[in-house]
Amino acid sequence: MVSMVEPKYVGRGIKRVEDRRLLTGCGMFNDDLKLSNPLYAALLRSPYAHALIKNIDVSRLRKNPRVKAILTGWDVVQRIKPWPHLIKAPPYYGIAVDKTRYVGEPVVAIAAESRYDAEDALEQIEVEYEPLKPVTSIEEALNPSSPTIHGGFEGNIAWSREYTYGAVEQAFTRADLVVRERFYFHRFASTPLEPTSIAAEYNKATGELTLYDQNQQAPMYHARYARVLGIPASKIRIVTRDIGGGFGNKIPAYSYTVLIALLAMESGRAVKWMADRREDLMALMHSPDRVTEAEMAVTREGKVLGMRLRLYDNFGAYLRHPEPQNVTRAFPSLTGCYAIEAVEVAAYGVFTNTCPTGPNRGYGQQHASFVLERMMDIVAGRLGLDKAEIRFRNFIKPEQMP
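For my numbering, add 1 to where a residue sits in the sequence shown, where the first one is 1.
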């Protein structure tokens, strides 16, 4: 006889172990960090979505005794390698080099004796821009007459993939009804309690770099930072404290980390940076806007035979790791809990003159789930079926489960 062991966790409430420390004010966030004789960084950001940079004049900054380090895009290009990506992508340095491609893109990074000094000093920078026509929507990006944001690509299409599962053509041939619908999802940004914050310390004697990075997956990017900066991974130490909320915003490896590291290496002093809320909302990272064109083939009894989907994601001005996973992570959710045996997907990512995108609250899967469930509602209405009944008729049966 087998004795039953009482479950230790299943079916029981689990007390959160971190609450007491946070609720009693003992949390340690990046802004609580006390560094020895630090400088404070600020970023001059582009006011244009699309513009050529004709000239950057920092001569007044160089005469400012409170400013200790200055970086333009041309400086950064000489010191780091482009950010690596999962797929083919244009060179990305985290700062504008020849042109700006979205409002809020960093153009100059500086470090000064205080945050007040740094932000005031930005007014001493003179940038000559030549505004260009921006491309701000998926529809504009797909228009052959629109400006091309990056060279080396077919128009503004950054990436595309096609997938087929099952006998899709047969499913649509057998269907009594084919329902077609187009869905648009707007982009959005989340607001973690603590905005993005990064600090860096560089020891010139040993060549060791310490990064205080509030990233949700900082250890994943250790080798990435080493590759971009050209520093042995053994010389880089990453410290992650309480991150102050994330919602996915703080999953990507942000170029800001490398910019702050370069300022620390340039100045020989620790450098600290925290975005304000406006910077975070404008230029940190957005969830992509998406257009989905869906077709669902059904019988008159309400059985779904197959689906065709065309997905268009707006990647923004640059591709950031881990994109295009906002699109690819949606694929397992396309059929949800329903026994749909034939699916065809064509997915596209486009460049526009908008903030780059990344993981954010649902990470692309909410778009797929919404389309599927909304299509089920529409089909139910067309066939005169109850919305619950059509779902019962299409649920995966227990015997179909692996």
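Where a beta carbon is used, it is the ideal one built from N, C-alpha and C, also for glycine.
Q) Using CA coordinates, which residue listed in Y313, E296, P92, S47 is at the minimum distance from A284? A) S47
Q.
Please state the DSSP three-state secondary structure of F248.
A. coil
Q | Own chain, CB closer than 7 Å to A168, minus 5 neighbours either side, in chain order | A | A343
Q. Unbroken beta strand (DSSP E) runs of length 3 or more, entirely within the stretch 46–93: which are they?
A. 52–58, 68–73
**Q.** Rounded C-alpha distance that separates T293 from R183
**A.** C-alpha of T293 to C-alpha of R183: approximately 6 Å in a straight line.
Q. Apart from the five residues on each side of it in sequence, which residues of its chain come closer than 8 Å, Cβ to Cβ, to W331?
A. In the sequence on display, residue 331 carries Ala and not Trp. Hits under 8 Å: L312, G365, Q366, H368, A369.
**Q.** Whole-angstrom C-beta distance between P233 and A224, which should lie under 8 Å
**A.** Their Cβ separation, rounded to whole angstroms, is 10 Å, which puts A224 and P233 out of contact at 8 Å.
Q. Taking the C-alpha atoms as reference points, what is the distance between I199 and A176?
A. 56 Å
Q: Indicate the three-state DSSP secondary structure (helix, strand or coil) for P333 in the structure shown.
A: helix
Q) In angstroms, rounded to a whole number, what distance separates the CA positions of M221 and H322? A) Straight-line measurement puts the Cα of H322 at about 11 Å from the Cα of M221.
Q.
Between which residues of its own chain and A276 is the CB-CB distance below 6 Å, once the five residues before and five after are set aside?
A. So the list reads P196, T197, once near-sequence residues are dropped.
Q) Name the DSSP beta bridge partners of K100, please? A) L53
Q | Reduced DSSP category for R291 - H, G, I as helix; E, B as strand; rest coil | A | strand
Q.
Just list the residues that DSSP pairs K273 with in beta bridges.
A. Y41, A200
Q. Roughly how many angstroms separate the alpha carbons of T165 and I111, rounded to a whole number?
A. Near 50 Å, if we compare the C-alpha coordinates of I111 and T165.
Q: Provide the residue span of the alpha helix (DSSP H) that contains S268, from first to last.
A: 256–268
**Q.** Straight-line gap, G337 to R392 (C-alpha atoms, nearest Å)
**A.** 11 Å
(Q) Run through the DSSP bridge pairs and tell me what P107 is partnered with. (A) R46
Q.
For A97 and R67, which I take to be in contact (beta-carbon distance under 8 Å), what is that distance rounded to the nearest angstrom?
A. With a Cβ gap of about 24 Å, A97 and R67 do not count as contacting.
Q.
Which of the three DSSP states is assigned to P220 in this structure?
A. helix
Q: State the CB to CB distance for the pair F396 and G350, rounded to an integer number of angstroms; the pair is presumed to be in contact (CB under 8 Å).
A: F396 to G350, Cβ: 32 Å. No contact.
Q.
Quick check on DSSP: helix, strand or coil for S191?
A. coil
Q. When you compare only the Cα positions, how much space is there between R242 and K134?
A. 42 Å
Q: In the DSSP assignment, find the alpha helix (DSSP H) that holds E342 and state where it starts and stops.
A: Counting along the chain, E342 falls outside any alpha helix (DSSP H), and DSSP gives it neither H nor E.
Q. At which residues does the beta strand (DSSP E) containing S161 begin and terminate?
A. Note, S161: beta strand (DSSP E), 158–166.
Q.
Could you compute how far the alpha carbon of G95 sits from the alpha carbon of G14?
A. 44 Å
Q. Could you give the C-beta distance for A159 and L320, rounded to a whole number, given that I count them as a contact under 8 Å?
A. So it is a contact: roughly 6 Å between Cβ atoms.
Q. Given R238, which residues of its chain have a CB within under 8 Å of its CB, disregarding the five upstream and five downstream residues?
A. E209, L210, T211, L212
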